Ligand code: ZN
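Numbering (the numbering used here), first residue to last: 2 to 205.
Given below as structure tokens:
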């Protein structure tokens, strides 16, 4: 399986990092070695001082697809989970400044936190407006809602599958809302999709 991630998908987050508004989805990937599940602790690597949390909705691809048309894209996922796209912002900023790929900042081991629980679309209150949020040490730091995405789930599936075949079990992290910031040792992270707590783990 592979992990596809979308960058710059929420206007307020684009503005907080002073990035350009994208005309099409910004796509990058993480390897399967980046997964961190079971609410296991996240260990800050010793080569960065600035790992940022990015809470994101994650869709799980349920069948093989290539060049998927938008009208059919909704058939390619039926569950939504919650993840954190951990990002070594210091490393990413250096790479961005040189126009280099972001992998070292984004694809490192355990940089893709994923909830064990996924929610069926049919169990969501409103599949077109899914609220989610992240608390650190009991303080709300990020709130998002899928209705604020520049590119919705179907746009993303259509766009990505033009370039990369999607397979059953692939994950797509769909971008983070505003409020990103650094984590530190001892932090307690709790992530919610609607009112369900799907992430609950420590930074070490
Ligand atoms: Zn992200």
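Built from N, CA and C at the ideal position, the CB exists for glycine as well.
If you're wondering where the values come from, they're calculated on a predicted model, not measured in any experiment.
Ends of the alpha helix (DSSP H) at residue 115?
-> As a first step, residue 115 must be located in the chain shown, where it is residue number 114. It is not in any alpha helix (DSSP H) - residue 115 instead sits in the beta strand (DSSP E) that spans 113–115.
Around the C-beta of residue 186, are 16 or more other C-beta atoms found within 10 angstroms, so that it is buried, or is it exposed?
-> Locating residue 186 in the chain shown gives position 185, where the first residue counts as 1. Its Cβ having fewer than 16 others within 10 Å, residue 186 is exposed.
Between the CA atoms of residue 102 and residue 161 - distance to the nearest angstrom | Here residue 161 refers to the residue found at position 160 when the chain shown is read from its first residue. Here residue 102 refers to the residue found at position 101 when the chain shown is read from its first residue. Their backbone Cα atoms lie some 18 Å apart in a straight line.
Looking at residue 17 and the ligand ZN, is the gap between the Cβ and the nearest heavy atom below 7 Å?
-> Translated into the one-based positions of the chain shown, residue 17 becomes position 16. Not under cutoff, so the answer is no.
For the ligand ZN, which residues count as neighbours when the test is a C-beta closer than 7 Å to any heavy atom?
-> 6, 8, 55, 57, 86, 88, 174, 176, 177
Would you say the segment 9–25 touches the segment 146–162, given that touching needs at least three Cβ pairs under 8 Å?
-> yes
Collapsed DSSP secondary structure at residue 62 in the structure displayed | Here residue 62 refers to the residue found at position 61 when the chain shown is read from its first residue. Residue 62: strand per DSSP, three-state reduction.
Under the rule that 16 or more other beta-carbon atoms within 10 Å means buried, what is residue 164, buried or exposed?
-> Here residue 164 refers to the residue found at position 163 of the chain shown. Residue 164 should be labelled exposed.
By the 10 Å Cβ neighbour count, where 16 or more other Cβ atoms means buried, how is residue 73 classified, buried or exposed?
-> Here residue 73 refers to the residue found at position 72 when the chain shown is read from its first residue. Exposed is the call here.
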